[in-house]
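All letters in the sequence shown, in the order written, are residues 0 to 403 by numbering that gives the first Met the number 0. We put the CB at the ideal spot given by N, CA and C, even for glycine. Reading through the structure tokens given below for one structure.
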Amino acid sequence: MVILGTWAGKPVVVNARSNSLTVSVGDPTDADVVSYDFEGRLWTAYFDGTSYRRGLDGKIVAKWRIPGRERDRRWLPRDEALAIEERARCLVENLYHAIERSEATLNMSLPPEGEVAFRRAIAFDRERSLQDAVRYHEVYKPVGILPPDQYMAVVLQLTEGCSFNTCTFCTFYKGRRFRIKPPAEFRAHAEAVRDFLGEGLSLRRSIFLGDANSLVVPMRLLVPLLDVVHEVYDVEALGGMYAFLDGFSGDKKSAEDYALLRERGMRRVYVGLESGSARLLDFLRKPGTPQDAVRAVRAMKQGGLAVGVIVLLGAGGRQFAAEHERETIRVLGEMGLDSRDILYFSELVVSEGMPYAADAAQAGLNPMTHAERLAQQEAIESALRNSHGGTPRISRYDIREFIY
């Protein structure tokens, strides 16, 4: 329900839903805007030209754009993050009390769910936020990465770590042993996540089975774990299940296996192709071949699943650029992608201490600029648009902005 009004001479918009509360105060061009889940956790905020996103662990990423430049971002120190939460909470509290005292005029009364949402957001103070972050770390091991369309998922860590963990461009799971949770442990985890999210569960849009490569689990073990998910959650109401699977492990499951996963509520599987060049994949120390990924994706689609395919822009630098582009176009064309699927372009982000950095330096690779990487994306996109096959949805995937 959208409610309009004024407060202290400023326009007010209150969007009170059964799963969230959004409040906007001020002229739409520069309004303060805050959103909360139904448990009272800050979800997003916009103040003074900067947008903020709070993760369930209490961390906040700030993002802003200066005309003519890439979007900037930074992670806030804890005290600064708590200060943003308090600024948002005070805005909501002051507006709520102004409504109570008739100092703010609305075109209709707050619905019951709006009253509840306001009170829960007001009660989520600094101490509550700190306690909530502690509880998060009791429930979860570090959540490495998610596809962008899954940032609002319920993450269930069916496995921990990565089953191969050799890719030089990825440090999300270094130092973590891969393991599959047995059913009893996984059930306890799924129930703990449900209890932690509380009423905030209603804002979640899907279920994501983590960590990396979780569908590598053999079918005889995987199916009982999916049954646990159904016993703890209403999978259909939450929008189904999603997960990562690498191409070479994915090739070990048949179309019939994927059809069974579809029956159990799986909707999309995300495959890190990275490149269609076998030579570049070998340089990146990613196991398997591009053709493994093609066979896996085609089997997934034959089984009725949608896919999300991830391409790594700039990998291999200028020396690999032409081959990376040409072979990636070829491999994507062989996958049979269509409008149900997503093609993600993720720019290579090299950090100090990353194995890729040492390998690239030893090989004398020249890194591509941001503009060159965008041109690489456009060339791949253009080739797909001009092909006779289906065209997937296309999106950017910036790992620097990941927050859960």
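For residue i and residue j, what's the separation of their Cα atoms in angstroms?
| i | j | result |
| --- | --- | --- |
| Ser50 | Glu273 | 30 Å |
| Ile379 | Tyr95 | 51 Å |
| Glu377 | Ala152 | 29 Å |
| Leu196 | Glu38 | 8 Å |
| Glu351 | Pro182 | 39 Å |
| Asn212 | Leu304 | 16 Å |
| Arg118 | Tyr35 | 11 Å |
| Leu280 | Arg127 | 46 Å |
| Leu202 | Ser162 | 31 Å |
| Glu137 | Asp131 | 10 Å |
| Trp6 | Ala97 | 8 Å |
| Arg392 | Gln149 | 15 Å |
| Arg384 | Glu92 | 50 Å |
Taking residue i as the reference, which of the options has the closest Cα?
| i | options | result |
| --- | --- | --- |
| Gly48 | Asp56, Arg40 and Pro27 | Pro27 |
| Val227 | Glu92, Phe185, Leu20 and Leu237 | Phe185 |
| Glu235 | Arg263, Arg325 and Gly174 | Arg263 |
| Leu113 | Ile341, Pro286 and Leu20 | Before going on, a small fix: residue 113 reads as Gly here, not Leu. Closest by alpha carbon: Leu20. |
| Glu198 | Leu109, Tyr150, Val115 and Asp31 | Val115 |
| Ser17 | Pro110, Ser101 and Thr104 | Pro110 |
| Ala242 | Phe319, Leu145, Thr165 and Leu224 | Leu145 |
| Asp31 | Gln318, Val11 and Val270 | Val11 |
| Asn164 | Arg53, Leu260, Gly287 and Asp29 | Gly287 |
| Pro76 | Ala61, Arg88 and Arg68 | Ala61 |
| Arg405 | Asp71, Arg64, Gln361 and Gly389 | Nothing in the structure corresponds to residue 405, since the chain is present only between 0 and 403. |
| Ala356 | Asp78, Val13, Val270 and Leu283 | Leu283 |
| Thr170 | Met353, Thr368 and Glu371 | Met353 |
| Glu69 | Ala382, His369 and Gly389 | His369 |
| Val270 | Ser248, Asn14 and Arg261 | Ser248 |
| Asp78 | Arg278, Leu129, Thr104 and Leu214 | Leu129 |
Among the residues of its own chain, which have a CB less than 8 Å from the CB of residue i, if the five just before and after it don't count?
| i | result |
| --- | --- |
| Leu155 | Phe185, His188, Ala189, Val192, Ile206, Phe207, Leu208, Gly209 and Val228 |
According to DSSP, residue i sits in a beta bridge with which residue or residues?
| i | result |
| --- | --- |
| Ile10 | In the sequence under discussion, the amino acid at residue 10 is Pro, which differs from the Ile named in the question. According to DSSP, which records beta bridges pairwise, Pro10 is partnered with Thr5. |
| Thr43 | Ser34 and Arg52 |
| Tyr269 | Phe243 and Gly307 |
| Asp71 | Trp63 |
| Glu126 | Beta-bridge pairing links Glu126 to no other residue. |
| Thr104 | Thr5 |
| Glu346 | Leu312 |
Less than 7 Å between C-beta atoms, sequence neighbours within five positions excluded: which residues of the same chain meet that for residue i?
| i | result |
| --- | --- |
| Asp250 | Asp291, Arg294 and Ala295 |
| Lys58 | Trp74, Ala80 and Ile402 |
Beta-carbon within less than 6 Å of residue i's beta-carbon, same chain only, minus the 5 sequence neighbours each way: which residues are those?
| i | result |
| --- | --- |
| Asp299 | Note that residue 299 is Met in the sequence shown here, rather than Asp. Tyr257, Val268 and Val306. |
| Tyr135 | Leu55 and Asp56 |
| Met334 | Val293 and Val296 |
| Glu159 | Lys140, Arg178 and Asp210 |
| Gly25 | Lys9 and Asp31 |
Say whether the stretch 33-44 touches the stretch 67-87, bearing in mind that this needs 3 or more beta-carbon pairs closer than 8 Å, one atom from each stretch.
-> yes
Within the chosen definition, does the stretch 337-351 reach the stretch 317-324 through at least 3 CB pairs nearer than 8 Å?
-> The stretch 337-351 is not in contact with the stretch 317-324.
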